[in-house]
Each structure stands twice: as structure tokens, then as C-alpha cells.
Amino acid sequence: MATTDRFRAAVESRDLGALEALFTEDIRLYSPVKFRPFEGRALVLGLFGVLGRTFEDVRYSGRLDGAAERGADGLRSAAAALPFQASVKGRQIHGIDLLHLDGARRITEITVMIRPQSAVQIVAEAIHAGLVADGLLPAPVPADR
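Residue numbering for the sequence shown follows UniProt numbering, beginning at 1 and increasing consecutively.
Here is the structure:
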């Protein structure tokens, strides 16, 4: 089974162990809710744990294979775009996961795009709260301190 098919199955079944086997140690995930990428296998896996609790009814609807430049270094690599649909807090979203693969067919980089704009804010709030709850981000300091 191709890496992209295994990724799709792991996300749809929320199988973090299967995702871990697909990711390089230094994987980067570019998110629509954060300017800088999430970096490293542990943090990206933690993020997928939060996403598994945040996104409901994730359904991939296809796959486009090719090559693309990676954001991290500008090198061209094998790539696949996976369009998906999901719901977040009752709202329907559409998105694309763009996967970059190394020579061993492991995922080195993921870029996630979602629409509509109103969904980005809902997703950002839910992901931030989940990352704080899981101890992957520090809790915000109250403004009165």
C-alpha cells in the first residue's frame, strides 16, 4: 500500500501509531492556523491527536500525485495532494493535505489548507485549546499579571 494510502487510512481511523511509522523524525507541518510550522515527530503526532478529537467525520475524496517544492528547503520531492472534508463543531469544512515524501517514501512535510475562512478561526481555537490541554503548548498567562 502506498504511503499516501496508509496516511489516509491512519487519519480516518485516528491511528497515531500508524502515522508515527510514516513520519520522518524531523517532519514539519505547515498549518493554516499558525505562521511557523509544527516541527518534529513528537509535536506533529501530538497535533494529530488533537486533530483527531477536533475534526469529525474526516473523509478523503481523492489523491493527486506528482512533485512539488518543499517549503522548508525549496527542494523538489515526490508529493501527493489529498482533498478532504470534515466537520468541526457542526460546521462543514473542505481542505487539502499536501504530503512531501523522501526517497524512502516517508513523509517529510505536510501543508494543510482549509476553507472557508470562518472555519479557520474555529479550528485555530480548538487546536490551541487541545495543544495546551495536552501540554504541547504552554498555558496562556493571564493579562492581569
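By construction, the Cβ of each residue, glycine as well, lies at the ideal position given by its N, Cα and C atoms.
Since the model is a prediction, treat every value here as computed from it, not as a measurement.
Asked                                                                                                                                                           : Found
Residues in its own chain within less than 6 Å of alanine 81 by CB, not counting five upstream and five downstream?                                             : Leu64, Ile96 and Leu98
Determine which residues share a DSSP beta bridge with histidine 94 and list them.                                                                              : Gln85 and Arg115
Using 8 Å for Cβ pairs, my map puts arginine 70 next to glutamate 109. What's the rounded Cβ distance?                                                          : 5 Å
Strictly by DSSP, which residues pair up with leucine 64?                                                                                                       : Ala81
One question on the structure: do proline 83 and glycine 62 come within less than 8 Å of each other, judged by their Cβ atoms?                                  : yes
In the DSSP assignment, the beta strand (DSSP E) including leucine 29 goes from what residue to what residue?                                                   : 23-30
Going by C-alpha to C-alpha distance, which of Arg28, Pro138 and Ala104 sits closest to glutamate 39?                                                           : Arg28
Quick check: what's the CA-CA separation for tyrosine 104 versus proline 142?                                                                                   : Reading off the sequence shown, one finds alanine at residue 104, where the question assumed tyrosine. Rounded to the nearest angstrom, the two C-alpha atoms are 46 Å apart.
Sorted by chain position, which residues of the same chain lie with C-beta nearer than 8 Å to alanine 79's C-beta, five sequence neighbours on each side aside? : Asp65, Gly66, Ala67, Ala68, Leu98, Leu99, His100 and Leu101
With phenylalanine 7 and leucine 22 assumed to form a contact (beta carbons below 8 Å), what rounded beta-carbon distance in angstroms separates them?          : 6 Å
How would you call leucine 19, buried or exposed, if buried means at least 16 neighbouring beta carbons within 10 angstroms?                                    : buried
Straight-line CA distance for leucine 137 to alanine 129?                                                                                                       : 9 Å
Mind reading off the beta-carbon distance from glutamine 85 to arginine 59? Whole number of angstroms is fine, and I expect it under 8 Å.                       : 5 Å
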